[in-house]
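Right, one structure below, let's go through it.
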Amino acid sequence: MDRIKVETPIVEMDGDEMTRVIWKMVKDRLIFPYIDINAKYFDLHIKNRDRTDDQVTVEAANAIRKYGVGVKCATITPNSERMREYNLKKMWKSPNGTIRSMLDGTVFRRPILAKNIKPLVPTWKEPIIIGRHAYGDVYSNAEINVPGPGRAEIFFSPSDGGETQKKTIKTFTGPGVIQGIHNTNESIRSFARACFAYAFEQHIDFWFSSKDTISKMYDGRFRDIFEEEYRKNWVSKFKDANIEYFFTLIDDAVARIIRSHGGMLWALKNYDGDVMSDMIAAAYGSIAMMTSVLVSPDGYFEYEAAHGTVQKHYYRYLNKEDTSTNSMAIIFAWSGCLRKRGELDGNLNLVNFANMLEESAVETIESGIMTRDLILVAEENINNIKVDTEGFINAIAGRLNKKLAR
Ligand code: NAP
Ligand code: MG
-12 MDRIKVETPI
-2 VEMDGDEMTR
8 VIWKMVKDRL
18 IFPYIDINAK
28 YFDLHIKNRD
38 RTDDQVTVEA
48 ANAIRKYGVG
58 VKCATITPNS
68 ERMREYNLKK
78 MWKSPNGTIR
88 SMLDGTVFRR
98 PILAKNIKPL
108 VPTWKEPIII
118 GRHAYGDVYS
128 NAEINVPGPG
138 RAEIFFSPSD
148 GGETQKKTIK
158 TFTGPGVIQG
168 IHNTNESIRS
178 FARACFAYAF
188 EQHIDFWFSS
198 KDTISKMYDG
208 RFRDIFEEEY
218 RKNWVSKFKD
228 ANIEYFFTLI
238 DDAVARIIRS
248 HGGMLWALKN
258 YDGDVMSDMI
268 AAAYGSIAMM
278 TSVLVSPDGY
288 FEYEAAHGTV
298 QKHYYRYLNK
308 EDTSTNSMAI
318 IFAWSGCLRK
328 RGELDGNLNL
338 VNFANMLEES
348 AVETIESGIM
358 TRDLILVAEE
368 NINNIKVDTE
378 GFINAIAGRL
388 NKKLAR
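This is how it looks when you write it as structure tokens:
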């Protein structure tokens, strides 16, 4: 069979540990044998980020701006342990944080469903999709360690020389800590727009939640901008599509989500989305079944798995022990990236390939062939068989080959 020719490049960002091992297997067995594509390669391995003073991350983000679509492997966000482990010059920032702040936008996380993996919440019949704002808040904060008594203030001085606004945060009588966070109306608005557009395109209800009863100005700003966007651009479209926009407090939303049937987009601020998406992923079966895409307001797309580098499995792999690491989210990152490239370029063959790859992957699980994380939660069946990391990818490749031969 001829490989599918793709004219426009994509951006490929390699990463760390177990996901780096899987990355190569997925490329070698499931992508490049079938697709003739120019993947602009950026190596975000922790040592290469260290060597380039993290310039490679910035270059990768710029390349996504140039080519429009990228796919990223999980990467280590260094902490003090990692500094020692890899002998790093600096505690480099999270690459995802860097890329998100350069592209702005919203991260949509969607669980991959298989018939034999039942969600832990029995009422959930449809996927719950998280729309996570990917800009600002604690991810680009300023923090100060307060050593002892003193006054902490927050102030803003306008560039045009207008009057400075000032408030006291706290008059400390002993040690403590303070933090300043921000957001911009522009970023909040593009977050709102991306979510309304996504819900409309997917034909699903749209929930947004924040804590505007406590954070009247900060969270209130989010609520107001969402409401404004809704009134201005979406009321009649949503009505015609028979879908709903619903704002509620985050604690109320959490309680309602647990009792829901799923099938909605749930938009959350940056930190709320970070936490809730891991909970939702676990409840749908495994963190390895959660896909993630960053949609920027300028029309750039970055696909990745929601999980990390699976460090524990990697150490086992280095010890030549068997690993059974689930590659689903990594495969879906690649298929998502290829599908989007195909849609943007009008390359129907590429779109079809992406669909077939995803079908092959889900059908493999539904036939009972699974990695350890899923075997533990799958419906019991005598056909269920636990395979290792490579065996799972090979099983998918076998199915894909059969599908393509038809
Ligand atoms: P993790 O890599 O997501 O793994 C946590 C645990 O979840 C694993 O030990 C494993 O559980 C399970 N798991 C995750 N992915 C799996 C998969 N594909 N198949 C099977 N099981 C899977 O999180 P972490 O260990 O906290 O973080 C490791 C590194 O990843 C850190 O350095 C962190 O900075 C980085 N990280 C990167 C990203 C990103 O680039 N997007 C996101 C999060 C974290 P069991 O051990 O029970 O099998
Ligand atoms: Mg997280």
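In terms of our numbering, the sequence shown has 9 at position 22, counting the first letter as 1, and numbering is strictly consecutive. Beta carbons are placed, not taken as given, at the ideal position from N, Cα and C, and that holds for glycine.
- Taking the CA atoms as reference points, Phe288 sits about 34 Å from Pro145.
- Distances from the alpha-carbon of Asp211 to those of Trp221, Val222, Asp199 put Asp199 closest.
- For Arg218, the number of other beta carbons within 10 angstroms of its own is below 16, and it is reported as exposed.
- Around the C-beta of Phe178, 16 or more other C-beta atoms lie within 10 Å, and the residue is accordingly described as buried.
- Put simply, the backbone Cα of Asp239 is about 20 Å away from that of Pro109.
- Residue Lys157 holds the alpha-carbon nearest to the alpha-carbon of Ala139 among Arg246, Lys157, Ser174.
- Judged by DSSP secondary structure, Thr93 falls within the beta strand (DSSP E) whose first and last residues are 93 to 98.
- Taken through DSSP and simplified to helix, strand or coil, Asp3 comes out as coil.
- If you keep only unbroken beta strand (DSSP E) runs of at least 3 residues inside the stretch 147 to 214, you get 152 to 159, 163 to 167, 192 to 197.
- Distance between Asp206 and Met263, taken at the CA atoms: about 17 Å.
- Apart from the 5 residues on each side of it in sequence, Phe233 sits with its Cβ closer than 8 Å to the Cβ of Asp192, Phe193, Trp194, Phe195 in its chain, given in chain order.
- Assigned with DSSP and collapsed to three states, Trp79 falls in coil, not helix or strand.
- Within 6 Å of the C-beta of Asp360 there is at least one heavy atom belonging to ligand 1.
- Measuring C-alpha to C-alpha distances from Ser279 to each of Gly250, Ala270, Ile318 identifies Ile318 as the nearest.
- Under the DSSP assignment, Arg52 falls outside any beta strand (DSSP E), being part of the alpha helix (DSSP H) whose first and last residues are 42 to 54.
- Exclusion of Asn35 from the 6 Å shell around ligand 1 follows from its C-beta lying no nearer than that to any non-hydrogen atom of the ligand.
- When secondary structure is reduced to three states using DSSP, Ala139 falls in the strand class.
- Between the C-alpha atoms of Thr376 and Pro(-4) there is a straight-line separation of about 29 Å.
- The way I'd put it, the stretch 222 to 232 doesn't touch the stretch 157 to 171; fewer than three beta-carbon pairs between them come closer than 8 Å.
- Restricted to the stretch 315 to 346, the alpha helix (DSSP H) segments that are unbroken, complete and at least 4 residues in length are 315 to 332, listed in chain order.
- Put simply, the residues with a CB less than 5 Å from any heavy atom of ligand 1 are Ala61, Thr62, Ile63, Thr64, Ile274, Ala275, His294, Gly295, Thr296, Val297, Gln298, Lys299, Thr312, Asn313, Asp360, in chain order.
- Cβ neighbours of Phe213 within its own chain (closer than 6 Å, five residues either side excluded): Ala179, Phe195.
- Within the DSSP bridge table, the entry for His248 names no partner.
- Put simply, of Phe379, Ala292, Arg176 the residue whose alpha carbon is nearest the alpha carbon of Asp265 is Ala292.
- In this structure, Val(-2) sits near Tyr54, with a CB-CB distance shorter than 7 Å.
- Going by DSSP, Phe233 is part of no alpha helix (DSSP H) but of the beta strand (DSSP E) stretching over 232 to 236.
- For the options Ile237, Asn257, Ile267, the alpha carbon positioned closest to that of Gly250 is the one of Ile267.
- Contact check for Ala316 and His294: beta-carbon distance about 6 Å, within the 8 Å limit, so the pair qualifies.
- Lys153 counts as exposed, since fewer than 16 other beta carbons sit within 10 angstroms of its beta carbon.
- Asp23 has its alpha-carbon roughly 17 Å from the corresponding atom of Asn342.
- For Ile380, the uninterrupted alpha helix (DSSP H) segment begins and ends at 376 to 392.
- In this structure, Arg36 sits away from Val45, with a CB-CB distance that is not shorter than 7 Å.
- Linking Asn229 to Gln189 through their CA atoms gives a straight-line distance of about 12 Å.
- DSSP, reduced to helix, strand and coil, places Gly123 outside both helices and strands of the structure shown, so it counts as coil.
- For Trp253, the three-state secondary structure derived from DSSP is strand.
- Judged by their CB atoms, Arg87 and Ala121 are nearer to each other than the 7 Å cut-off.
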